[in-house]
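Protein sequence lines, in the order shown, are assigned to chains A and B.
Each residue of the first sequence is one higher than the one before, counting from 1 in my numbering.
Each residue of the second sequence is one higher than the one before, counting from 1001 in my numbering.
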Amino acid sequence: MYASLNEYLIISGLLFCIGFAGVILRKNIIVIFMCLELMLAAASLTLVAFTRFKPFQQEGATTTLPDYDGQMLVFFIITVAAAEVAVGLAIIVALYRSRQTIHTDDLDALKG
Amino acid sequence: MLSPIFYLFAAITLLGGIGVIAWKNPVSSALCMVASFVGIAGLFVGLNAYFVGVLQVLVYAGAIMVLFIFIIMLLDLKPSKYASFPPPTIAAAILIPLVIMFQLVVVISKTEAQPILINEASLKAAEKTELSLDPEAPNYIAKDSKIRKELSEGKLPDVHLIGNKLFTEFHFPLQVIGLLLLVATVGCIVLSRNTNSSQE
Chain A
1 MYASLNEYLI ISGLLFCIGF AGVILRKNII VIFMCLELML AAASLTLVAF TRFKPFQQEG
61 ATTTLPDYDG QMLVFFIITV AAAEVAVGLA IIVALYRSRQ TIHTDDLDAL KG
Chain B
1001 MLSPIFYLFA AITLLGGIGV IAWKNPVSSA LCMVASFVGI AGLFVGLNAY FVGVLQVLVY
1061 AGAIMVLFIF IIMLLDLKPS KYASFPPPTI AAAILIPLVI MFQLVVVISK TEAQPILINE
1121 ASLKAAEKTE LSLDPEAPNY IAKDSKIRKE LSEGKLPDVH LIGNKLFTEF HFPLQVIGLL
1181 LLVATVGCIV LSRNTNSSQE
């Protein structure tokens, strides 16, 4: 018995929802940032699942080399996420230096 | 991927994700996130994406998490003075993901997806049907290359196929990503410079 595409998509959707709930719920900026990473990882899981379950059909025969376009996209997502974390954490450190807090309820300079 | 192993890694992934938002201490959240990413890497390997799985462990569970824990350590966080979550926030955090999940389940319940097996025979067939010997074709692989050799032996040369794709079809995005990393590095240096001393 093998796992189907739908099972992977459900797991990925659940992980995305967990990350999304964390972004809404948590007040610590670092944890919010981690939840964003979870959502990115969920998107990567969807992409990889689709690369694996795309049949290649030619002259009636179905063969199954994975479709590497999706994995390229995951490769770029991981790179962009690394750059994003580096810049984001630098912003958080700068924020902490000027305001002495990373709690979102204390960061109300924009009166939002 | 066999179902029991799939459910094991899926459980690790989801429990890790829940741990990230459930624990109050950010260090516990970071460690739960490592567990979650290791679970995702296991799922990637189960999807025959070995290179991406290794990359996930190296980059996320290795480099990015060290960065997170380093910053948590650096910031010397005090316990929050806001004790609990306000009820509207909790309601939003439950309702909005539930709506998203409901949509997903409705769509998926209407789709039919056949599991596709990758085995020795299908890889041998893929070597003949999916790769081209015509140098002009986008899926051109040379006749005596390692990719064709391993495929005809029934193995999946994952890294070679990714490398071939990355440095032929995707070489311009690769350059752009390199530029992005350079910009991020410069941005980090600018942001973490001491602003008081730079104004003097």
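We put the beta carbon where it would ideally sit given N, CA and C, even for glycine.
Remember, it's a predicted structure, so these values are computed and weren't measured experimentally.
From Asp1144(B) to Glu7(A), what does the alpha carbon distance come to, in whole angstroms?
39 Å
Do the stretch 1102–1114 of chain B and the stretch 10–19 of chain A meet, that is, are 3 or more Cβ pairs less than 8 Å apart?
yes
If we cut at 8 Å on Cβ distances, does Leu25(A) have a partner in chain B?
yes
Relative to the alpha-carbon of Ser98(A), which residue among Ser1003(B), Ser1192(B) and Leu1002(B) has its alpha-carbon at the smallest distance?
Ser1192(B)
Leu45(A) bridges to which residues according to DSSP?
DSSP lists no partner for Leu45(A).
Alpha carbon to alpha carbon, how far is Glu1200(B) from Thr79(A)?
Low confidence applies here, because Glu1200(B) scores a pLDDT of 46, under 50, leaving its location unreliable and the question unanswered by this model.
Looking at the C-beta of Phe1085(B), does it have a partner C-beta in chain A at a distance below 8 Å?
yes
Counterpart residues of Asn1048(B) in DSSP-defined beta bridges
In the DSSP output, where bridge partners are listed per residue, Asn1048(B) has none listed.
From which residue to which residue does the alpha helix (DSSP H) around Val1004(B) run?
According to the sequence displayed, residue 1004(B) carries Pro and not Val. Start and end: Ser1003 to Ala1022.
Whole angstroms is fine: what's the gap from Val1099(B)'s alpha carbon to Arg26(A)'s?
19 Å
Against chain B, with Cβ distances strictly below 8 Å, would Arg52(A) count as a contact?
yes
Coarse secondary structure for Ile4(A), derived from DSSP in three states
The sequence shown places Ser at residue 4(A), not Ile. If DSSP states are grouped into helix, strand and coil, Ser4(A) belongs with coil.
In three-state DSSP terms, what is Asn1119(B)?
coil
Express the C-alpha separation of Gly70(A) and Leu1015(B) in angstroms, rounding to a whole number.
26 Å
Please confirm whether Met1073(B) has its beta-carbon closer than 8 Å to some beta-carbon of chain A.
no
Could you tell me which chain A residues have their CB closer than 9 Å to the CB of Lys1165(B), listed as they occur along the chain?
Tyr68, Asp69, Gln71 and Met72
Starting from Leu89(A), find everything on chain B with Cβ-Cβ shorter than 8 Å and list it in chain order.
Leu1067, Phe1068 and Ile1071
In terms of alpha-carbon separation, which member of Ala1041(B), Gly1046(B), Gln1056(B) and Ala1091(B) lies closest to Leu5(A)?
Gly1046(B)
By DSSP's criteria, Tyr68(A) is part of a beta bridge. Which residues make up the other side?
Answer is none; Tyr68(A) lacks a bridge partner.
Kindly indicate the opening and closing residues of the alpha helix (DSSP H) around Ile1072(B).
Met1065 to Leu1075
Chain-ordered chain A contacts of Gly1042(B) [CB-CB under 8 Å]:
Within 8 Å Cβ-Cβ: nothing; Gly1042(B) doesn't reach chain A, min ~11 Å.
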